[in-house]
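Beneath this line is the structure, given in structure tokens, with notes to follow.
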Amino acid sequence: MGHTKVNVRYLLPLLVIGLAAPMIFERHGAAAPQATLPQLEAKLQKQYATIEDLFAHGPAKMVYPPNPRERLHRWQDDLAQSFADPGKTIDEILKLSPPDAEKWRERSDTMWLYSQPNSPPSSRTVYGAGEVTKKARLLDPPAAAYPDTARAARAKGEVRLRMVLASDGMVKYIFPMKPLKYGLTEAAMEAAQKIKFEPAIRDGKPAAQFATLSYEFKNGRGRPPYFPAHEFYF
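One rule links them: number in my numbering = place in the sequence shown (from 1) + 468.
Quick look at the structure:
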């Protein structure tokens, strides 16, 4: 039987294409499918839980490092890092163009602010209560509403919020340090957004100040907010 003569010039490109095709298919086939909005929201809730756990186990409850100042700095570093991960998840959510994109952008800004490492006041635009000449002063802040779902469950307790009392008189970057169920966290956040206050003063000018506020719910109603004696101990 005779053998058909094959032109090598045409054979080599075919071999290269034949070998490359499985590799291309494998590379594309291995790509993970894009996460859906419900999947990303579930992931975000787990990341929020990590942050809440860090708040619940603040520097006052730590035993290492022995030096209190070092404990505080270690905790602040861990806390900042814990905000970085949900920030990335929210960025993924924004890529999906959710209908409430503005809400997600606000959350992204909040995560970014709290993920910044501890730094000297001279390099920041938001200051702690001890870093301003005059602290921000609340002007008759409203109590939070008591939701019907909470009333039905006879829910009570404290919602603690971290926020920024901005130099323009607006409450911004609200994050629940200590949340509660039955709509109580949302009620506290809505009330916080309505707070009127005199901004803090630093270097003779209005300045943005970090603040922690507690909202208590008991006996079927919400109480006006107050500054807790210890911001990170509850």
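Note that beta-carbon positions come from the ideal geometry of N, C-alpha and C, so glycine has one too.
ask   = Buried or exposed: which applies to P554, given that a residue is buried once 16 or more other Cβ atoms fall within 10 Å of its Cβ?
value = By one-based count along the sequence shown, residue 554 stands at place 86. By the beta-carbon neighbour count (other beta carbons within 10 angstroms, threshold 16), P554 is buried.
Cα-Cα separation, I492 to E509 = By one-based count along the sequence shown, residue 492 stands at place 24. By one-based count along the sequence shown, residue 509 stands at place 41. For I492, the pLDDT reaches just 46, beneath the cut-off of 50, and the residue's location in the model is therefore unreliable, leaving the point undetermined.
ask   = Between K602 and A528, is the Cβ-Cβ spacing less than 8 Å?
value = Working through the sequence shown from its first residue, we reach residue 602 at position 134. Working through the sequence shown from its first residue, we reach residue 528 at position 60. Contact: no.
key: 8 Å CB neighbourhood of Y582 in its chain, flanking five on each side removed   = Position 114 of the sequence shown holds residue 582. Within the same chain, Y582 has close Cβ partners L547, A548, F551, R630, Y641 and F643.
ask   = What does a CB cutoff of less than 6 Å around K662 pick up in its chain, not counting 5 residues either side in sequence?
value = As a working mapping, residue 662 is identified with position 194 in the sequence shown. So the list reads P610, once near-sequence residues are dropped.
query = Do T557 and Q502 have their C-beta atoms within less than 8 Å of each other?
reply = Position 89 of the sequence shown holds residue 557. Position 34 of the sequence shown holds residue 502. Result no, Cβ atoms of T557 and Q502 do not sit closer than 8 Å.
query = Buried or exposed: where does T680 fall if 16 or more other Cβ atoms within 10 Å of its Cβ makes it buried?
reply = Taking the first residue of the sequence shown as 1, we reach residue 680 at position 212. That one is buried.
query = Roughly how many whole angstroms lie between the Cα atoms of K571 and P536?
reply = On the sequence shown, position 103 is the one that residue 571 refers to. On the sequence shown, position 68 is the one that residue 536 refers to. Going by the C-alpha atoms only, they are around 37 Å apart.
Buried or exposed (CB count within 10 angstroms, at least 16 for buried), K686 = For the purposes of this step, residue 686 is identified with residue 218 of the sequence shown, where counting begins at 1. Counting Cβ neighbours within 10 Å, K686 comes out exposed, since fewer than 16 surround it.
task = Using alpha carbons as the reference points, say which of F665, D616 and E574 lies closest to L607.
result = By 1-based counting over the sequence shown, the position of residue 607 is 139. Across the set F665, D616 and E574, the C-alpha of F665 shows the shortest separation from the C-alpha of L607.
task = Might you give, ordered along the chain, the residues of its own chain that have their beta carbon closer than 8 Å to the beta carbon of A613, omitting 5 neighbours on each side?
result = Within the sequence shown, the letter at position 145 stands for residue 613. Taken in chain order, the residues that qualify are A655, E658, A659 and G690.
Contacts around T617, its chain only, beta-carbon distance under 6 Å, and the 5 residues preceding and following it disregarded = Numbered from its first residue, the sequence shown carries residue 617 at position 149. Only Y650 and G651 meet the Cβ criterion.
message = Rounded to the nearest angstrom, what separates Y683 and A697 at their Cα positions?
response = Translated into the one-based positions of the sequence shown, residue 683 becomes position 215. Translated into the one-based positions of the sequence shown, residue 697 becomes position 229. One C-alpha to the other measures close to 13 Å.
message = Looking at chain D, is there any beta carbon in it that lies within less than 8 Å of the beta carbon of I642?
response = The chain inventory of the structure shown lacks chain D, comprising one protein chain alone.
key: Buried versus exposed, by CB contacts within 10 Å (16 or more), P693   = Counting from one through the sequence shown, the residue named residue 693 turns up at place 225. With 16 or more Cβ atoms within 10 Å of its Cβ, P693 is classed as buried.
ask   = Going straight from the alpha carbon of K646 to that of F695, what length do you get?
value = Position 178 of the sequence shown holds residue 646. Position 227 of the sequence shown holds residue 695. Spanning the two alpha carbons is a distance of roughly 14 Å.
ask   = What does K571 pair with, by DSSP beta-bridge criteria?
value = On the sequence shown, residue 571 is found 103 positions in, with the first residue counted as 1. In the DSSP output, where bridge partners are listed per residue, K571 has none listed.
key: Neighbourhood of E626 by C-beta, 6 Å cutoff - its chain only, sequence neighbours within 5 removed   = Mapped onto the sequence shown, residue 626 falls at position 158. Residues of the same chain with a CB within less than 6 Å of the CB of E626, apart from the 5 flanking positions on each side, are S682 and E684 in chain order.
inquiry  = Quick check on this structure: which residue in T653, Y595 and P615 has the alpha carbon closest to the alpha carbon of R670?
reply    = In the sequence shown, counting from the first residue as 1, residue 670 sits at position 202. It is Y595.
ask   = Where are the beta strand (DSSP E) runs, 3 residues long or more, that stay fully inside the stretch 649-695, in chain order?
value = Segments of the beta strand (DSSP E) lying fully in the stretch 649-695: 668-670 and 673-686.
task = Verify whether the separation of the beta carbon atoms of A634 and A676 is less than 8 Å.
result = In the sequence shown, counting from the first residue as 1, residue 634 sits at position 166. In the sequence shown, counting from the first residue as 1, residue 676 sits at position 208. In this structure, A634 sits near A676, with a CB-CB distance shorter than 8 Å.
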